[in-house]
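Those protein sequence lines, which keep their order, are chains X and A.
Numbering follows my numbering, with no gaps: position 503 of the first sequence is 503.
Numbering follows my numbering, with no gaps: position 195 of the second sequence is 195.
Following: one structure in structure tokens, then a few remarks.
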Amino acid sequence: MSWRSVFRLAWREARASAVKFAFVILAVAVGVGSLAGVRGFSRSFQTMLMREARTLIAADLSVRTFTLPNDAQTALMNDLERRGIAHTWITETISMAGFGEGRTPILVSIKSVDPTRYPFYGTVKLDPPMDFAGSLTPDVAIVSDDLLLRLDAHVGDSIRLGGQPFRILAVMAEEPDRMAGSLNVGPRILISRQGLDRANLIQTGSRAAERFLFRIPQQTPIEQVRTELKKVFQESLIADARQAHPLISDGLTQATTFLSLVSLISLIVGALGVATAINAHLNQRMDTIAVMKCLGAKSSQIIRIFVVQTLALGLCGGVLGILIGVGVQLAFPFLISRYFPVHLGVSFDPVPALQALTIGMLATLLFTLPPLLSIRRIKPGLIFRREMAETKPSLKQRIRQSGASVLAGTVILIGIGGIAGALTSGTWKDALRLGEYFVGALTFSLVTLSAVAWVLLRVLRATGRRASVLPATVRHGIANLYRPGNHAGAIVVALGLGVMFTLTVYLIQHGLIADMFRSAPPGMPNVFLLDIHATDKDAIMDLLRKQPGAERPPEMMGTSPAKLITINGTPIADLKLQGFARRFRSTRQVSAFGAQPPYAALESGKWWTGQPATPEVCAAEDAAKTLKIAPGAELTFTMSGKTVKSRLVCVTRIDSIHLAGRLEFIFSPGTLDGLPVIYYGSVRMTPQKVAPLQVAMYNRFPTVTVVNVADVLRIVQEVVDQISIVIRFISAFAILAGLIILASSVAGTRFRRIREVVILKTLGATRMKIAGVFSIEFLILGAVSGLMGSLMATGFSSLVLKQLLKADLKFDAVPNLVSVVATALVAIAAGWLASWRILGQKPLQVLREE
Amino acid sequence: MQPRHNFMIAVSALTKSIATSTHRVDILKGIDLVVPKGQFTAIMGPSGSGKSTLLGLLAGLDSPTSGSIKLDGEEITGLSEDQMATLRGRKVGFVFQAYNLIPTLTAEENILLPYELSGAGLGEGRKRARELLETVGLLERGDHYPVQLSGGEQQRIALARAFIGRPPILFADEPTGNLDSENGHRILELLITMNRREGATLVLVTHDRELAGYSDRIITLKDGRIVADEIK
């Protein structure tokens, strides 16, 4: 048979099932749309990062570091300046902003720039519009609009930074290097470098990010400058205009992989629906297939016809999906606008669209493989002898058939694993591992959901049959679930998977936040004081002690930056450190203590007495374990350019409620003498007394940042909420796919339903009663899916929280209950949407047609 | 007796049993039969005598439990399903009791289906389909769907479909069983006329003695065995 004939027969066969196939197309379209949207957005974002790389860092090259520049670094920058490579210095820090008398100061992010040079590329736009370079004088501040909202302030008002007044000049409308910035906590304030000096916020050792932007003349190769800078800025992040910003780019890649996998779940739910619909379709076409075989068609020819049909449906779904994807792509900038103000405009990129289309068609084909292959099992003799279909297959046949099912299942799983792997961006090993995890989790979810669905539906069936006390409407509604071709199990699994995933995201998000609020150990400080100068520390301790509301005595600790160089003579660079352990290669904050604090328990060794002649050090238990060091080890550090050789004398364990619990190395007294030391304080206050403390602190020590943990948690919550909204937006597509499957199944049984409606009407049932029967059926499907989804979501989220995030999930009935009710309601809506107008059928007309 | 290769259908020691979930049923219990080329044979018997099963086995729609079947000199019992389908496409035409038109195809598309499945060019096929539509008196109804045709009209389309590939053998299973007597006679006359024109070997399964009266030979089955073989 020619391909032309195959296409012709496939088309003729499909045109009779237009409505049914419309749902199949929609089911595919939803998954493809979500995938095309995610990947399309990601690509246009990545393209934008590349295209706008220069504007996004406002320079040809930028260096970010967390320490003030040392002599070598300053010398190199001055040398570059002489060679025509201009640079400008940006400092970003957090601090307190005061407004009005007696009002609580708020935590803000401050960015200070030299307006005569910054930005090298792009423009700073202000509201009201004005010339940026000429307006940013040392006594003014440009603020983000949320600062005005939080303080109820207006342009022209005066705020205080470090105790100094700054007039609000304008609202920041656009800032080219916003995404490349750091320390993005609370409302943002832009001041000049002279303004920063005036506020006196930065001292050596202060917690701030320094960025140096360079403008490189065209004739100078960027790489050459980069190499020179890398030599002196060893621990710094260097980004240049030839590449997308590494931090944003890496984050985007990871987010894309994750969201692509979430989309793949929608696609799989859709593909499951397609498989169910094709299976039902083939069951209805068994006679046709048998007749075709009688007329000389080979199984392979018939399979070809239906494969072409399925692929055509996948293609139509894919094309529609690409259109949906454009919508998704347009929605993304709104979802992330708070943290990434991007204006990507409307653009269509064929690469992700084709990628999503191919994956959509492949997933469709994979999942329809088992029903399509079952065409081989349809005997032409079916036309003559119906009982042949009912004859019991021999054990050998059954083994052979189950072998084929297992093989098809394996092909599907390998295929899905392959797709999942292909959606990652790492090495092939990463892809393989991710593919395995994805398939493992998917198989587990599907098997568990199927098993639970089977049990629940069995129980319902038994209940419906036996419980004669139930109203007839309910009993008929339950009986309808087992109508031939209804696929209750498949619907429940598909819809349940969507609900499970979306609810899991929600539960993890809320569980995480709730755990952060709940799990703080009793006595944990809720106020932290940052950037305290040595001259102020005693006065601040005094203020803290006198301040009412302190639940525990305040603590204060001085730290200095130190970098571990060698352990017993072995350079730290030669140690195999992986993951979080690599932090020991960077500069850490260390402290020096006199006598052993009462809360410091010794795991091994002995604390020093007095001031030892040579520096001694005590390591935190975790640091000692990671670095595999024990008392007696020789550790060499560099501290602000000075080399310090020390001997490890003890390993200590300090409860995290103490400031010292965050230190990895505590030195013997005298070690840090002469080094820049910055102090940190902490105190546990009754929540109502935090604001008065902030006011009191700000009045006397305006350069000290007083962090209320509750504020930080609120900011974290905002970030987590934002991320969660994006994930839920994409995972909601899986629910949509599940609903389409429900509608598709209902549409597939339309003729049976019409027949039932007229028979029931003939027997005297009112429209209301029949509507009740169908509504009960849809309600049960939705409620069972919702129940299963929420059960599984609770299990999954508790597993993720416990195993990966080390947090506990406190069961909350409300979101689970809402899921069940909401799923039931949308299922009723989807069911009725697909059985539109069946209630209005006239009995005689239908019965005559039979 | 004529040499076996002159026979269009040759069956020897044919048996068929099926196992249901509860018991085993012997449907055919050793059938020996030869049908010469061009003969019109009627197979009769009461319900459950095995006549439809025999027809299904002759057409290779199912495999026998034991025995041999040759169609036009070719042994078919060992053939794979696909080989059997190809052979059917080449040599066998069918008329079913329930018409078995494909509901999603128009009358003309139904007639053309065997042609398309065989991979032959459609131009020639369309011409022949139009001729056959004219023969069965439905030239104006070619673009109608089965559901838009009456039972008799559907069976006339099925007849046209059976003849489109000029098969040397035609199997008809109770072709008038679903029709009233007037339509039934019309179909039978058409079947016989067309069969004479095409020169095919016709095997008709029926329980209607009047219909069987038109045949050259009547074989009667009972309980899976041939109990009578009358040649006129």
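Positions of the beta carbon are idealized from the N, C-alpha and C atoms, including for glycine.
Quick caveat: nothing in here was measured; it's all calculated off a predicted structure.
Below 9 Å on C-beta distance, what does residue i contact in chain A?
| i | result |
| --- | --- |
| C294 of chain X | A59, L61, A85, R88, V92, F94, F96, N100 |
| S12 of chain X | Inspection of the sequence shows that residue 12 of chain X is occupied by Arg rather than by Ser. Near R12 of chain X (Cβ distances below 9 Å), the residues of chain A are I102, T104, L105, T106, E109. |
| L9 of chain X | L105, E109, L113, E116, L117 |
As a quick exercise: from the options, pick the residue whose alpha carbon is nearest that of residue i.
| i | options | result |
| --- | --- | --- |
| S2 of chain X | A:R128, A:Y115, A:G199 | A:Y115 |
| D72 of chain A | A:A158, A:I219, A:V92, A:F163 | A:V92 |
| V136 of chain A | A:K16, A:D229, A:R161 | A:R161 |
| F7 of chain X | X:I532, X:F580, X:I303, X:Y121 | X:I303 |
| T93 of chain X | X:D177, X:A170, X:G186 | X:G186 |
| G125 of chain A | X:S266, X:S5, X:A422, X:P692 | X:S5 |
| F40 of chain A | A:Y145, A:S150, A:V227, A:R196 | A:R196 |
| E664 of chain X | X:F593, X:G418, X:D542 | X:F593 |
| F573 of chain X | X:P612, X:E235, X:A601, X:G477 | Residue identity differs from the one stated: residue 573 of chain X is Ala in this sequence, not Phe. Out of X:P612, X:E235, X:A601, X:G477, X:E235 has the C-alpha closest to the C-alpha of A573 of chain X. |
| L659 of chain X | X:I508, X:L799, X:Y599 | X:Y599 |
| Q329 of chain X | X:G37, X:V758, X:S775, X:S266 | X:G37 |
Name the chain A residues that come within less than 8 Å of residue i, Cβ to Cβ?
| i | result |
| --- | --- |
| G381 of chain X | G56, L61, D62 |
| T288 of chain X | I102, P103, T104 |
| V308 of chain X | Simply none; closest approach about 14 Å. |
| A16 of chain X | P103, T104 |
What is the rounded straight-line gap between the Cα of residue i and the Cα of residue j?
| i | j | result |
| --- | --- | --- |
| V308 of chain X | R15 of chain X | 14 Å |
| A389 of chain X | E108 of chain A | Only weak support is given to the placement of A389 of chain X: the predicted model assigns it a pLDDT of 43, under 50, and the question is left unresolved by the model. |
| T823 of chain X | F214 of chain X | 55 Å |
| R386 of chain X | I378 of chain X | Residue confidence is low: R386 of chain X scores 49 on pLDDT, short of 50, so the model does not pin down where it sits. No coordinate-derived value is stated. |
| L311 of chain X | F171 of chain A | 36 Å |
| K232 of chain A | I18 of chain A | 34 Å |
| V590 of chain X | G789 of chain X | 49 Å |
| G273 of chain X | S17 of chain X | 16 Å |
| L35 of chain X | A356 of chain X | 6 Å |
| D349 of chain X | G40 of chain X | 7 Å |
| V24 of chain X | G318 of chain X | 11 Å |
| D531 of chain X | V704 of chain X | 6 Å |
| W454 of chain X | I69 of chain A | 47 Å |
| P146 of chain A | G748 of chain X | 21 Å |
| S144 of chain X | L672 of chain X | 40 Å |
| I192 of chain A | G142 of chain A | 22 Å |
From which residue to which residue does the alpha helix (DSSP H) around residue i run?
| i | result |
| --- | --- |
| R209 of chain A | 209-212 |
| I324 of chain X | 299-336 |
| M292 of chain X | 286-294 |
| S158 of chain X | Run containing S158 of chain X: none in the alpha helix (DSSP H); it sits in the beta strand (DSSP E), 158-161. |
| K91 of chain A | 81-91 |
| V30 of chain X | 18-51 |
| Y115 of chain A | 107-118 |
| L627 of chain X | 621-627 |
Specify, as a first and last residue, the run of the beta strand (DSSP E) that residue i falls within.
| i | result |
| --- | --- |
| S95 of chain X | 86-98 |
| P561 of chain X | 555-567 |
| S2 of chain X | From DSSP, S2 of chain X is part of no beta strand (DSSP E); its letter is neither H nor E. |
| I165 of chain X | Per the sequence shown, residue 165 of chain X should be read as Pro rather than Ile. Per DSSP, P165 of chain X belongs to the beta strand (DSSP E) from 164-174. |
So which residues of chain X does residue i contact, with C-beta pairs closer than 8 Å?
| i | result |
| --- | --- |
| G119 of chain A | M1, S2, S5 |
Going along chain X, which residues have a C-beta under 7 Å from residue i?
| i | result |
| --- | --- |
| E81 of chain A | S299 |
Chain A partners of residue i, CB-CB under 7 Å?
| i | result |
| --- | --- |
| V291 of chain X | N100, I102 |
Applying the 10 Å Cβ sphere with the 16-neighbour rule, what's the burial state of residue i?
| i | result |
| --- | --- |
| S62 of chain X | buried |
| V469 of chain X | exposed |
| D858 of chain X | Beyond the ends of chain X as shown, which are 1 and 850, falls residue 858 of chain X; an answer cannot be given. |
| F166 of chain X | buried |
| W11 of chain X | exposed |
| L73 of chain X | Checking the sequence, you will find Gln at residue 73 of chain X rather than Leu. With 16 or more Cβ atoms within 10 Å of its Cβ, Q73 of chain X is classed as buried. |
| N568 of chain X | exposed |
| T570 of chain X | exposed |
| H245 of chain X | buried |
| G84 of chain X | exposed |
| D173 of chain A | buried |
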